[in-house]
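Reading through the structure tokens given below for one structure.
Numbering (our numbering), first residue to last: 24 to 368.
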């Protein structure tokens, strides 16, 4: 999807997989023709929803740390190419890079790896469902720890519904324990990492003058360096790509180039064309595609309570984010008009 200039990315920001903020009035149209943004919106849901399939295929031959290293490095190269084409540049302030160390760890390296470990034990479709709990984890941390949000009655009700949905997905009445339950906790831990990264970057990086694309490329570069140091110590030397099967190599390329590179560009365009509120609803589309792809391609099946719990979780997210009913348009704070760093999937 072509973008004319690097300026299209400035003044916009995105928390991938549906969590969006920092869009100026100039880039948030009240209405947009459906055909101008719907294809990109659906494509984004498909790409991010399919990521869990690619992780499942990748961990069949790769250690989760090695899979994360390869996909993050691929994503970094992809965004560096886009930066060069748009004549944008990486951040130059040491303070920004210091904060990106934290964001890269909690927004990329840890969650990507935890999803990999989790999908060694659970279905890819279930990992996609757990990913949808991220907004529910973000809110209490943003309120209590980073103090970037306020807890309202509506948000509290949404959190309560979401927590009930989590318990239903887990099937706590069946007892806890076993590798499947452990895998679910790992996927929940990945969502919790995003819950730390998103309010952290909003508090410490959102005021930066750099574009979202620039900050995202820098974030992936830092994450690549972190993984390059940790992966050999924990999992040994990464295998040579030529020794991997074609489907695993294709999965790594899809995760990096599409899920972390192209998807970010599409998401920013969706924000610019359709507005932040509309673009953010991709959160509800991702688990749908994750379940469909897992069922069709891998033949996965779920217990009845898992999709039911997922619907309750998404209802809680919708209530907490004020997606149900009419909302009064809120003014955009000055600090929010600066780009924030997205956390990849």
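Where a beta carbon is used, it is the ideal one built from N, C-alpha and C, also for glycine.
Beta carbon of residue i nearer than 8 Å to that of residue j
{"i": "residue 80", "j": "residue 274", "result": "yes"}
{"i": "residue 102", "j": "residue 281", "result": "no"}
{"i": "residue 138", "j": "residue 78", "result": "yes"}
{"i": "residue 310", "j": "residue 215", "result": "no"}
{"i": "residue 250", "j": "residue 88", "result": "yes"}
{"i": "residue 99", "j": "residue 240", "result": "yes"}
{"i": "residue 343", "j": "residue 218", "result": "no"}
{"i": "residue 321", "j": "residue 76", "result": "yes"}
{"i": "residue 313", "j": "residue 72", "result": "yes"}
{"i": "residue 333", "j": "residue 188", "result": "yes"}
{"i": "residue 339", "j": "residue 190", "result": "no"}
{"i": "residue 305", "j": "residue 68", "result": "yes"}
{"i": "residue 319", "j": "residue 228", "result": "no"}
{"i": "residue 258", "j": "residue 134", "result": "no"}
{"i": "residue 114", "j": "residue 268", "result": "no"}
{"i": "residue 162", "j": "residue 178", "result": "yes"}
{"i": "residue 153", "j": "residue 106", "result": "no"}
{"i": "residue 92", "j": "residue 261", "result": "yes"}
{"i": "residue 63", "j": "residue 294", "result": "no"}
Exposed unless 16 or more other CB atoms sit within 10 angstroms - verdict on residue i
{"i": "residue 180", "result": "exposed"}
{"i": "residue 270", "result": "exposed"}
{"i": "residue 136", "result": "buried"}
{"i": "residue 95", "result": "buried"}
{"i": "residue 292", "result": "buried"}
{"i": "residue 60", "result": "buried"}
{"i": "residue 6", "result": "No answer is possible for residue 6: the residues shown for the chain start at 24 and end at 368."}
{"i": "residue 266", "result": "exposed"}
{"i": "residue 247", "result": "buried"}
{"i": "residue 256", "result": "exposed"}
{"i": "residue 254", "result": "buried"}
{"i": "residue 301", "result": "buried"}
{"i": "residue 58", "result": "exposed"}
{"i": "residue 45", "result": "Residue confidence is low: residue 45 scores 32 on pLDDT, short of 50, so the model does not pin down where it sits. Its coordinate-derived value is still stated next. Residue 45 comes out buried."}
{"i": "residue 85", "result": "buried"}
{"i": "residue 167", "result": "exposed"}
{"i": "residue 347", "result": "exposed"}
Length of the line joining the Cα atoms of residue i and residue j
{"i": "residue 97", "j": "residue 272", "result": "11 Å"}
{"i": "residue 143", "j": "residue 118", "result": "37 Å"}
{"i": "residue 164", "j": "residue 172", "result": "9 Å"}
{"i": "residue 145", "j": "residue 283", "result": "23 Å"}
{"i": "residue 112", "j": "residue 205", "result": "42 Å"}
{"i": "residue 194", "j": "residue 337", "result": "17 Å"}
{"i": "residue 90", "j": "residue 147", "result": "15 Å"}
{"i": "residue 233", "j": "residue 221", "result": "17 Å"}
{"i": "residue 169", "j": "residue 65", "result": "33 Å"}
{"i": "residue 326", "j": "residue 303", "result": "28 Å"}
{"i": "residue 330", "j": "residue 341", "result": "16 Å"}
{"i": "residue 263", "j": "residue 192", "result": "38 Å"}
{"i": "residue 124", "j": "residue 104", "result": "22 Å"}
{"i": "residue 297", "j": "residue 108", "result": "24 Å"}
{"i": "residue 223", "j": "residue 307", "result": "23 Å"}
{"i": "residue 18", "j": "residue 276", "result": "A question about residue 18 goes unanswered here, because the residues of the chain that appear run from 24 up to 368."}
Residue i: CB within 7 Å of a non-hydrogen atom of the ligand MN
{"i": "residue 82", "result": "The model on display carries no ligand, and the ligand MN is accordingly not part of it."}
Secondary structure, alpha helix (DSSP H): runs of 4+ residues fully inside the region 297–335: Here the runs fully enclosed are 299–303 and 309–320.
Ignoring anything shorter than 3 residues, give me the beta strand (DSSP E) runs that lie fully in the region 140–169, in order along the chain. none
Mind listing, in chain order, the continuous alpha helix (DSSP H) runs of no fewer than 4 residues lying wholly within the region 265–290? 269–276
Enumerated in chain order, which unbroken segments of the alpha helix (DSSP H) with a length of 4 residues or greater are wholly contained in the region 185–246? 201–227
Minimum length 4: unbroken alpha helix (DSSP H) runs contained in the region 51–82: 57–81
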